[in-house]
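The structure appears right after this line, and notes come after that.
4 protein chains.
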Amino acid sequence: MLRADAAAAAPEEAARTARSDARRRQILAAAVPLLERRGSQEVGMQAIAAEAGVSVGLIYRYFSGKQELVQAVTVGVLDEMARLVSQAIAPEVDPVRQIAGAFTAYCTVVRENRQAVLLTYRESNTLPAEGRALLKELATRSVAPLREAVEAAVDGGRLRPIPVDVFLYDLVTVAHSWALKHWYFSPRVSFEEFVAAQRALLLSAVIPPAHRTEYADLLADLA
Amino acid sequence: MLRADAAAAAPEEAARTARSDARRRQILAAAVPLLERRGSQEVGMQAIAAEAGVSVGLIYRYFSGKQELVQAVTVGVLDEMARLVSQAIAPEVDPVRQIAGAFTAYCTVVRENRQAVLLTYRESNTLPAEGRALLKELATRSVAPLREAVEAAVDGGRLRPIPVDVFLYDLVTVAHSWALKHWYFSPRVSFEEFVAAQRALLLSAVIPPAHRTEYADLLADLA
Amino acid sequence: MLRADAAAAAPEEAARTARSDARRRQILAAAVPLLERRGSQEVGMQAIAAEAGVSVGLIYRYFSGKQELVQAVTVGVLDEMARLVSQAIAPEVDPVRQIAGAFTAYCTVVRENRQAVLLTYRESNTLPAEGRALLKELATRSVAPLREAVEAAVDGGRLRPIPVDVFLYDLVTVAHSWALKHWYFSPRVSFEEFVAAQRALLLSAVIPPAHRTEYADLLADLA
Amino acid sequence: MLRADAAAAAPEEAARTARSDARRRQILAAAVPLLERRGSQEVGMQAIAAEAGVSVGLIYRYFSGKQELVQAVTVGVLDEMARLVSQAIAPEVDPVRQIAGAFTAYCTVVRENRQAVLLTYRESNTLPAEGRALLKELATRSVAPLREAVEAAVDGGRLRPIPVDVFLYDLVTVAHSWALKHWYFSPRVSFEEFVAAQRALLLSAVIPPAHRTEYADLLADLA
DNA sequence: AATGAATGAGTGTTCATTCAT
DNA sequence: TATGAATGAACACTCATTCAT
Numbered sequence: 001m002l003r004a005d006a007a008a009a010a011p012e013e014a015a016r017t018a019r020s021d022a023r024r025r026q027i028l029a030a031a032v033p034l035l036e037r038r039g040s041q042e043v044g045m046q047a048i049a050a051e052a053g054v055s056v057g058l059i060y061r062y063f064s065g066k067q068e069l070v071q072a073v074t075v076g077v078l079d080e081m082a083r084l085v086s087q088a089i090a091p092e093v094d095p096v097r098q099i100a101g102a103f104t105a106y107c108t109v110v111r112e113n114r115q116a117v118l119l120t121y122r123e124s125n126t127l128p129a130e131g132r133a134l135l136k137e138l139a140t141r142s143v144a145p146l147r148e149a150v151e152a153a154v155d156g157g158r159l160r161p162i163p164v165d166v167f168l169y170d171l172v173t174v175a176h177s178w179a180l181k182h183w184y185f186s187p188r189v190s191f192e193e194f195v196a197a198q199r200a201l202l203l204s205a206v207i208p209p210a211h212r213t214e215y216a217d218l219l220a221d222l223a
Numbered sequence: 224m225l226r227a228d229a230a231a232a233a234p235e236e237a238a239r240t241a242r243s244d245a246r247r248r249q250i251l252a253a254a255v256p257l258l259e260r261r262g263s264q265e266v267g268m269q270a271i272a273a274e275a276g277v278s279v280g281l282i283y284r285y286f287s288g289k290q291e292l293v294q295a296v297t298v299g300v301l302d303e304m305a306r307l308v309s310q311a312i313a314p315e316v317d318p319v320r321q322i323a324g325a326f327t328a329y330c331t332v333v334r335e336n337r338q339a340v341l342l343t344y345r346e347s348n349t350l351p352a353e354g355r356a357l358l359k360e361l362a363t364r365s366v367a368p369l370r371e372a373v374e375a376a377v378d379g380g381r382l383r384p385i386p387v388d389v390f391l392y393d394l395v396t397v398a399h400s401w402a403l404k405h406w407y408f409s410p411r412v413s414f415e416e417f418v419a420a421q422r423a424l425l426l427s428a429v430i431p432p433a434h435r436t437e438y439a440d441l442l443a444d445l446a
Numbered sequence: 447m448l449r450a451d452a453a454a455a456a457p458e459e460a461a462r463t464a465r466s467d468a469r470r471r472q473i474l475a476a477a478v479p480l481l482e483r484r485g486s487q488e489v490g491m492q493a494i495a496a497e498a499g500v501s502v503g504l505i506y507r508y509f510s511g512k513q514e515l516v517q518a519v520t521v522g523v524l525d526e527m528a529r530l531v532s533q534a535i536a537p538e539v540d541p542v543r544q545i546a547g548a549f550t551a552y553c554t555v556v557r558e559n560r561q562a563v564l565l566t567y568r569e570s571n572t573l574p575a576e577g578r579a580l581l582k583e584l585a586t587r588s589v590a591p592l593r594e595a596v597e598a599a600v601d602g603g604r605l606r607p608i609p610v611d612v613f614l615y616d617l618v619t620v621a622h623s624w625a626l627k628h629w630y631f632s633p634r635v636s637f638e639e640f641v642a643a644q645r646a647l648l649l650s651a652v653i654p655p656a657h658r659t660e661y662a663d664l665l666a667d668l669a
Numbered sequence: 670m671l672r673a674d675a676a677a678a679a680p681e682e683a684a685r686t687a688r689s690d691a692r693r694r695q696i697l698a699a700a701v702p703l704l705e706r707r708g709s710q711e712v713g714m715q716a717i718a719a720e721a722g723v724s725v726g727l728i729y730r731y732f733s734g735k736q737e738l739v740q741a742v743t744v745g746v747l748d749e750m751a752r753l754v755s756q757a758i759a760p761e762v763d764p765v766r767q768i769a770g771a772f773t774a775y776c777t778v779v780r781e782n783r784q785a786v787l788l789t790y791r792e793s794n795t796l797p798a799e800g801r802a803l804l805k806e807l808a809t810r811s812v813a814p815l816r817e818a819v820e821a822a823v824d825g826g827r828l829r830p831i832p833v834d835v836f837l838y839d840l841v842t843v844a845h846s847w848a849l850k851h852w853y854f855s856p857r858v859s860f861e862e863f864v865a866a867q868r869a870l871l872l873s874a875v876i877p878p879a880h881r882t883e884y885a886d887l888l889a890d891l892a
């Protein structure tokens, strides 16, 4: 009996945790589009509850308050994007092609999560110090694979000896600019043109003359 | 009498307008640092009135509401930055050097108005469509001189035939990234290193081999 | 079968009642210190459930709502105090000494249940009419033994012909004042001094000159 | 002009303070009966605002929050009672008659402010430490005149050498008991009987035999 | 032109109570 | 019998906006 109970306890606990996680996800899933569209300021807890199909009180069982919910949404959105990017990176041998692929993947993820990108830029200012630190760490962690590729390329002489930190964040910032300056880019260039042009521009800046022919396909889009 | 009045009316009117403008500026000047530091959400009208040394009611004589005030602050901040940049651009003959100079100027203005840059990114999402359009127009207008330089350089063959729109906003976005990613860059590179590296990177991407020796000084920082 | 069931029913019923009573007591025991310390207002049902080690829902099986629970706690506390007092009263032959003993006992119980006394004063205002009536009845009943002693003493001529009702509640009120005005008395007199002084004062007021020497020991503390 | 302005400034300020005070009083006056009847717990800010004929927001201009308002009401009620008592005390030469008069006055004030007395007992438990300290100080200050009379009587040998602190608060507690135990006393004795009996009882306890004939009128009610 | 007292709809949050399991 | 997730009305409090002076 006792053993059976003990044996049963674990699955019971697990089931509870699973249900609890499902609720959290349900609430977050409802909050994400609202916060993306209108910002944490404009969206009330009642609206989030209504969208999630739960009562206001229930949200407070899963999140200590609005701030924590907004932070969870923001972190979740960044996490998801990092996951999508890492999924999308093809396992290339050539580090330069890996960089190119990662940048393309990043841009694609940005295009498909434009509102989410804007949300992270917008809400990161409203987060408390702790949440901000979490976001920074997440950002740093999610560019790690890209950083390795850049470092490998530089070490292997396939990229000029550039300041890695600077180039790395240029890749990210430029990818983000499809969301940040969407009003500007979208009427002027197609997404594909944007990616091709940016990729060619950024790589042109760092591929040394000796390897330009090797990567001619990547640089072609600049003419 | 009537004539005297009419004669007096113009100067009177002018004086009134002048006083009115002074009031607007007084209120805006008080609002700017508050909004930069804490965001429009966190700052109340009462706080702005107190900071400006006027009553709440008076603000409503000069602005139709909080939204308009925030918009005026945002526009004002962008205007001021555009002014500072255009002031800082030396009248160079060489369009490439003009681009380099403008980028450096832009970065310096960003450094000295970091909070203002963040404010524009933050608040532009809270603005109504109309205000957003105004901001876009302003942004477009304020890069116009830079665009001319880039176009001239491309036309003169000193820059590769790149998509001008893309390169132009890369310059702006990268300059902004000193503010947007300050938490990342500032512990890793000094502002001078940042500017030199970015300038070299961006120009490397676009200066054709034929002119690389001519601009060796600008490209030096990449080794 | 039916008979066996019927035969078993009585003990089963009894066992159930016993378990049920134990539950009630368990919940009340958990609620008492919480309500004493923080008041019914500040204490939530969830907190009481947690303290009792049961679920919130279970409390509603044993009490119809918070109000009833608070009432049960209040009544319980008064009951317990009445019990302690009646226990502490030594079976004296002399009614005056019985009064003195009962007063001393009352004071001691008040000292050891100061928070409980405050609770009854505090919560009796929040109770519904019905609960209030119950409390009054309880209070009346619990002073009954004391009333008998006073009446006996008056009838026997050992106390002056005073209005019994008034004197009776003065005894109670003064005993309570150790709790009600604890902030005042405690830094000024010790508990023992308080009891001796009050006892002497109250008895002085009612013992006729003819019996003063007989009770000199009880009156000593005033002079 | 400047002088006129300066001259006008003071009255203006004074007028503002006067209006502000009137508002405070208006809100307090509305809050008192509500809090007396139903307790701070049961009374919402909206109800107080409605009763006062002002908006909720306005209350927050004059009180930092509900707690402060409740404290102000409680203090105000105690203050008013202290004022009424001190007004009612006739300037007697004889300190014993002064005590008797003060006690009678106290009882009368309690009778006419029964709910207020209950309110102070009830709410003093919900107040923060600071507010509680204020109440204690107020209570101490408001019995000061009575204390002087008691001390004078003891020093002059018209009262037995009793512990002043104890007797003083017995007077107060017994007077309060008309409110605290109103449910008990009121069906049993009239207010006048109550006062006469209590006065006689308390004075009997402390007037030495030597002066009993002198104050026979005060002691008469005990028979 | 200027004030600031006054408004009241709206906010985030709590908690007694219910009910499916 | 026992659970605790779920509810939602109610709360204290805020703040953009108005308007009598």
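Protein sequences appear in the order of chains A, B, C and D. Just so you know, we're using the working numbering here: the first sequence kicks off at 1 and counts up by one. Just so you know, we're using the working numbering here: the second sequence kicks off at 224 and counts up by one. Just so you know, we're using the working numbering here: the third sequence kicks off at 447 and counts up by one. Just so you know, we're using the working numbering here: the fourth sequence kicks off at 670 and counts up by one. Where is the CB? At the ideal position from N, CA and C, for every residue including glycine. Values in this document were obtained by computation on a predicted structure and should not be read as measured data.
Check                                                                                                                                                                       : Outcome
When you compare the CB of A:Leu-118 with every CB in chain B, is at least one pair closer than 9 Å?                                                                        : yes
Could you please give the first and the last residue of the uninterrupted alpha helix (DSSP H) stretch that includes D:Val-843?                                             : 833 to 849
When the cut-off is 9 Å and only beta carbons count, does D:Met-670 lie next to chain C?                                                                                    : Bear in mind that the predicted position of D:Met-670 carries a pLDDT of just 45, short of 50, making it unreliable; the figure below should be weighed with that in mind. No, D:Met-670 does not count as interfacial toward chain C.
Pull up the distance between the alpha-carbon of B:Thr-331 and that of B:Val-366, whole angstroms please.                                                                   : 16 Å
Which word fits A:Arg-160, buried or exposed, when buried means at least 16 other C-beta atoms lie within 10 angstroms of its C-beta?                                       : buried
In chain C, what lies closer than 7 Å to D:Trp-852 by C-beta?                                                                                                               : Lys-582
Taking buried to mean at least 16 other C-beta atoms within 10 Å of its own C-beta, is D:Gln-756 buried or exposed?                                                         : exposed
Can you tell me whether D:Arg-685 is buried or exposed? The criterion is at least 16 other CB atoms within 10 Å of its CB, across all chains shown.                         : exposed
To which residues of the same chain is B:Ala-328 closer than 7 Å at the C-beta, ignoring the five residues directly before and after it?                                    : Val-308, Ala-311 and Ile-312
Would you report the Cα separation of B:His-405 and D:Gly-800, rounded to the nearest angstrom?                                                                             : 48 Å
Measuring only the C-alpha atoms, how far is D:Ala-866 from D:Leu-872?                                                                                                      : 10 Å
Which chain C residues sit within Cβ distance under 8 Å of D:Asn-782?                                                                                                       : Under the 8 Å cutoff, chain C gives no residues; its nearest Cβ is about 16 Å from D:Asn-782.
Taking only runs of the alpha helix (DSSP H) that begin and end inside the segment 253 to 324 of chain B, which ones reach a length of at least 4 residues, in chain order? : 268 to 275, 279 to 285 and 289 to 311
How would you list, in chain order, the residues of chain D whose beta-carbon sits under 8 Å from the beta-carbon of C:Ile-431?                                             : Beyond the ends of chain C as shown, which are 447 and 669, falls residue 431 of chain C; an answer cannot be given.
Does DSSP put A:Ile-207 in a helix, a strand or coil?                                                                                                                       : coil
Would you kindly work out how many angstroms separate the C-alpha atoms of D:Val-864 and D:Arg-783, rounded to a whole number?                                              : 15 Å
Taking B:Gln-417 as the query, report the chain A residues whose CB atoms sit under 8 Å from its CB, ordered along the chain.                                               : Before going on, a small fix: residue 417 of chain B reads as Phe here, not Gln. By Cβ distance, chain A contributes Val-166.
Return yes when the Cβ of A:Tyr-215 is within less than 9 Å of the Cβ of B:Phe-408, no when it is not.                                                                      : no
Find the residues of chain A that neighbour B:Thr-349, judging by a C-beta separation of less than 9 Å, and give them in chain order.                                       : Gly-39, Gln-41, Glu-42 and Arg-122
Considering only their Cβ atoms, is the gap separating B:Val-387 from B:Thr-343 smaller than 9 Å?                                                                           : no
Express the C-alpha separation of B:Ala-270 and D:Arg-692 in angstroms, rounding to a whole number.                                                                         : 24 Å
At a cut of 8 Å, does the segment 717 to 730 of chain D reach the segment 758 to 771 of chain D through at least three beta carbon pairs?                                   : no
Anything in chain D within Cβ reach of C:Arg-634, meaning under 7 Å, just list it in chain order.                                                                           : Asp-834
If A:Ile-162 sits next to B:Leu-445, beta carbons under 8 Å apart, how far is it from one beta carbon to the other, in whole angstroms?                                     : 6 Å
Can you list the residues of chain A that B:Asp-393 reaches, using a CB-CB cut of under 8 Å?                                                                                : Val-174, Ser-177, Gln-198 and Leu-201
Measuring alpha carbon to alpha carbon, tell me which of B:Ala-428, B:Ile-250 and B:Phe-414 ends up nearest B:Ser-278.                                                      : B:Ile-250
Who are the Cβ neighbours of D:His-845 in its own chain at under 7 Å, not counting the five residues just before and after it?                                              : Val-779 and Val-786
Using beta-carbon positions only, say whether D:Thr-743 and D:Glu-792 come within less than 9 Å of one another.                                                             : yes
Can you check which of these residues, B:Leu-258, B:Ala-402 and B:Ala-325, is closest to B:Glu-335 by C-alpha distance?                                                     : B:Ala-402
Can you tell me the Cβ-Cβ gap for C:Asp-525 and C:Leu-581, rounded? I've got them flagged as a contact below 8 Å.                                                           : With 8 Å as the limit, C:Asp-525 and C:Leu-581 do not qualify as a contact, their Cβ atoms being about 10 Å apart.
Would A:Leu-146 and A:Val-70 be called neighbours here (beta carbons separated by less than 9 Å)?                                                                           : no
If you draw a straight line from the C-alpha of B:Glu-291 to the C-alpha of B:Ala-253, how long is it?                                                                      : 15 Å
Is C:Ser-670 helix, strand or coil by DSSP?                                                                                                                                 : Examination of residue 670 of chain C is not possible in this model, given that chain C is present from 447 through 669 alone.
If contact means a Cβ-Cβ distance below 8 Å, which residues of the segment 651 to 667 of chain C contact chain D?                                                           : Ala-651, Val-652 and Pro-655
C:Ala-548 and C:Arg-587 - do their beta-carbons sit closer together than 9 Å?                                                                                               : no
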